[in-house]
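Undergrad: So the protein sequences, as listed, match chains Y and H.
The opening position of the first sequence corresponds to residue 862 in the working numbering, with each subsequent residue numbered one higher.
The opening position of the second sequence corresponds to residue 862 in the working numbering, with each subsequent residue numbered one higher.
Number of protein chains: 2
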Amino acid sequence: MVNSAKFDRQQVIANATHLFWARGFNGCSMRDVQQAVNLRPGSLYASFGDKETLYREALLHYASQGMVALQALEQQLVCPLAVLRQFMRQALASSLADAPDKVCMLVKTVHELGGAQHPLAKLARELLQQMANQFARLLQQAKQAGNLAPATDVNALASFYQMQLIGLKSFAQLQQNPALLDTLLQQALAILPAEKAH
Amino acid sequence: MVNSAKFDRQQVIANATHLFWARGFNGCSMRDVQQAVNLRPGSLYASFGDKETLYREALLHYASQGMVALQALEQQLVCPLAVLRQFMRQALASSLADAPDKVCMLVKTVHELGGAQHPLAKLARELLQQMANQFARLLQQAKQAGNLAPATDVNALASFYQMQLIGLKSFAQLQQNPALLDTLLQQALAILPAEKAH
DNA sequence: ATACCTCTTGAACAATTGTTCAAATATACA
DNA sequence: TGTATATTTGAACAATTGTTCAAGAGGTAT
């Protein structure tokens, strides 16, 4: 008999992700986590390892959600540039809603642990780079479709998208005024290349 | 006899600020602080109160440094728009150098403690708003000098500057590549209004 | 049932946390 | 110098931290 656990592993990770996202690695104790996932310490440690290992799992879970969201848009929309623009809008919309915290969990992790070259910060940086690579891939498609100037540096532009996104979401944490946030989003989108009219 | 303390109060606050900035509120213990400022617990508590009070002092110290930097630029440069542009360049340059951490301490504080409506996060938000108000004041000057369209919403534009700055500094924490960061800075500056040629 | 394996439980551990306080030391003024 | 006042010291506190582990519970196969 193997793995006859009562709990739903994915649900546990999802709950832990929410808590870690909202309060950070140092901001919540293992007892907080135990309560949030409804597991006693023994079960939690036996199934998920220590705090750092569990947080790592949470980071991966969070990042994969972002990837899924991007892929979903890719299937709905034809133009890669439209995908990116819609992804930005969507990201800020979730900032306005009751997300556990409005800032990207990967960015928060780097901010909290990045100074000490923490392995979790390293992972978060890698996952952010993966996201930027997806942006670059979409931009490359747009370029080949003739929607971007041939000389465009898609990697640099992808980083610029990511920088705008990080700025918007961080700012949303400071100023909850929806009208102002929408203005900023429009300004940011105005910078970025749009699908050509036809 | 009053205040015959041996230590330099300002130096203690400066050292504490460095540590809190680099490692966050939850990331460093009072023992870490005691070591960094070279004070035994009794002296530290007698002179600065508890951890939260000391962190508050650090936030104020940090924010005033930013204000001073902006005012220094204001005395060097005539055009208010040039002041803002130079402030952006300077902020990113200090990100490339060995700042304790590359992200604004106010932003880091809101990220770490903001979800729980922590009083320190509230203060950090207020200080960020003060900075945005300074930006708006400079933009208002530029508008009156005819360097901005009369219809410009200076408060919204000030927020946009701040959002760009937050994005740049956060991104600098992820990607240390100086060439890429410089490209992003140029792109961000290209968006923002510049002094008219004459 | 009985034996066996797996998972769960919660008490317990050592280390660390923020903070206090009585004793020791230093300083100022007579 | 002697006394009073201000400051520094470091041991100590209770609470919380991350983590472990022996004992119990639950299910499956013989």
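From the three backbone atoms N, C-alpha and C, an ideal C-beta is built for every residue, glycine too.
Report the residue ranges of all alpha helix (DSSP H) runs contained in full by the stretch 928 to 994 of chain H; include only those spanning at least 4 residues, in chain order.
TA: You should have 941 to 957, 966 to 974.
Undergrad: Using a Cβ-Cβ cut-off of less than 9 Å, give me the residues of the stretch 994 to 1027 of chain Y that come near chain H, in sequence order.
TA: Cβ contacts with chain H come from D1014, N1016, A1017, L1018, S1020, F1021, Q1023, M1024, Q1025, L1026, I1027.
Undergrad: Grab me the residues of A993 (chain H)'s own chain with a C-beta within less than 7 Å of its C-beta, minus the 5 sequence neighbours each way, in chain order.
TA: So the list reads A1019, S1020, Q1023, once near-sequence residues are dropped.
Undergrad: State yes or no: is the beta carbon of H879 (chain Y) nearer than 8 Å to at least one beta carbon in chain H?
TA: No, its Cβ sits nowhere closer than 8 Å to a Cβ of chain H.
Undergrad: Starting from R901 (chain Y), trace the alpha helix (DSSP H) in both directions and tell me its first and last residue.
TA: Where R901 (chain Y) is concerned, there is no enclosing alpha helix (DSSP H), given that its DSSP letter is neither H nor E.
Undergrad: Leaving aside the five residues before and after A982 (chain H) along the sequence, list all residues of the same chain whose C-beta is less than 7 Å from its C-beta, in chain order.
TA: Excluding sequence neighbours, A982 (chain H) sits near T970, V971, L974, G975.
Undergrad: In the DSSP assignment, the alpha helix (DSSP H) including G1028 (chain Y) goes from what residue to what residue?
TA: Counting along the chain, the alpha helix (DSSP H) containing G1028 (chain Y) begins and ends at 1015 to 1035.
Undergrad: Can you give the beta carbon distance from L1050 (chain H) to R946 (chain H), rounded, assuming they're within the 8 Å contact cut?
TA: Right, the Cβ-Cβ distance comes to about 6 Å (below 8 Å), so this counts as a contact.
Undergrad: Taking CB distances under 8 Å as the criterion, tell me whether I1052 (chain Y) reaches chain H.
TA: Taking Cβ atoms only, chain H reaches closer than 8 Å to I1052 (chain Y), which makes this a yes.
Undergrad: Using alpha carbons as the reference points, say which of Y:F1032, Y:L984, Y:P941 lies closest to L1053 (chain Y).
TA: Comparing Cα-Cα distances from L1053 (chain Y) to each of Y:F1032, Y:L984, Y:P941, the minimum goes to Y:P941.
Undergrad: Would L989 (chain Y) and L1035 (chain H) qualify as a contact pair, given that the criterion is a beta-carbon distance under 8 Å?
TA: Yes. Within cutoff.
Undergrad: Ends of the alpha helix (DSSP H) at D1043 (chain Y)?
TA: Counting along the chain, the alpha helix (DSSP H) containing D1043 (chain Y) begins and ends at 1039 to 1052.
Undergrad: Mind reading off the beta-carbon distance from K1057 (chain H) to C965 (chain H)? Whole number of angstroms is fine, and I expect it under 8 Å.
TA: Contact doesn't hold; Cβ gap of about 30 Å is too wide.
Undergrad: Below 8 Å on the Cβ atoms is my contact criterion, and I expect L967 (chain Y) with L920 (chain Y) to pass it. Report the Cβ-Cβ distance as a whole number of Å.
TA: Going by Cβ atoms, the distance from L967 (chain Y) to L920 (chain Y) rounds to 7 Å, so yes, they are a contact pair.
Undergrad: What residue does the alpha helix (DSSP H) around N887 (chain H) start on, and which one ends it?
TA: No alpha helix (DSSP H) holds N887 (chain H); DSSP gives it neither H nor E.
Undergrad: DSSP three-state call for A1003 (chain Y): helix, strand or coil?
TA: In the structure shown, A1003 (chain Y) sits in a helix (DSSP, three-state: H, G or I).
Undergrad: So, with DSSP's three-state summary, where would you put A1055 (chain Y)?
TA: It is coil, neither helix nor strand.
Undergrad: DSSP three-state call for A1010 (chain Y): helix, strand or coil?
TA: Coil at A1010 (chain Y), not helix or strand.
Undergrad: Does the stretch 920 to 929 of chain Y touch the stretch 894 to 908 of chain Y, meaning 3 or more C-beta pairs lie closer than 8 Å?
TA: Verdict: no, contact absent.
Undergrad: Under 8 Å, do L938 (chain H) and V929 (chain H) count as touching if we go by C-beta distance?
TA: For L938 (chain H) and V929 (chain H), no; Cβs fall outside 8 Å.
Undergrad: Candidates Y:G888, Y:A933, Y:R870: which alpha carbon is nearest A907 (chain Y)'s?
TA: It is Y:R870 whose Cα lies nearest to the Cα of A907 (chain Y).
Undergrad: Could you check if F868 (chain H) is buried or exposed, using at least 16 other CB atoms within 10 Å of its CB as the buried criterion?
TA: F868 (chain H) should be labelled exposed.
Undergrad: V968 (chain H) touches chain Y at which residues, Cβ-Cβ below 7 Å?
TA: Near V968 (chain H) (Cβ distances below 7 Å), the residues of chain Y are S1031.
Undergrad: Taking all protein chains shown into account, decide if M891 (chain Y) is buried (16 or more other Cβ within 10 angstroms of its Cβ) or exposed.
TA: Exposed, because fewer than 16 other Cβ atoms sit within 10 Å of the Cβ of M891 (chain Y).
Undergrad: Is D869 (chain H) helix, strand or coil by DSSP?
TA: In this structure, D869 (chain H) counts as coil in the three-state DSSP scheme.
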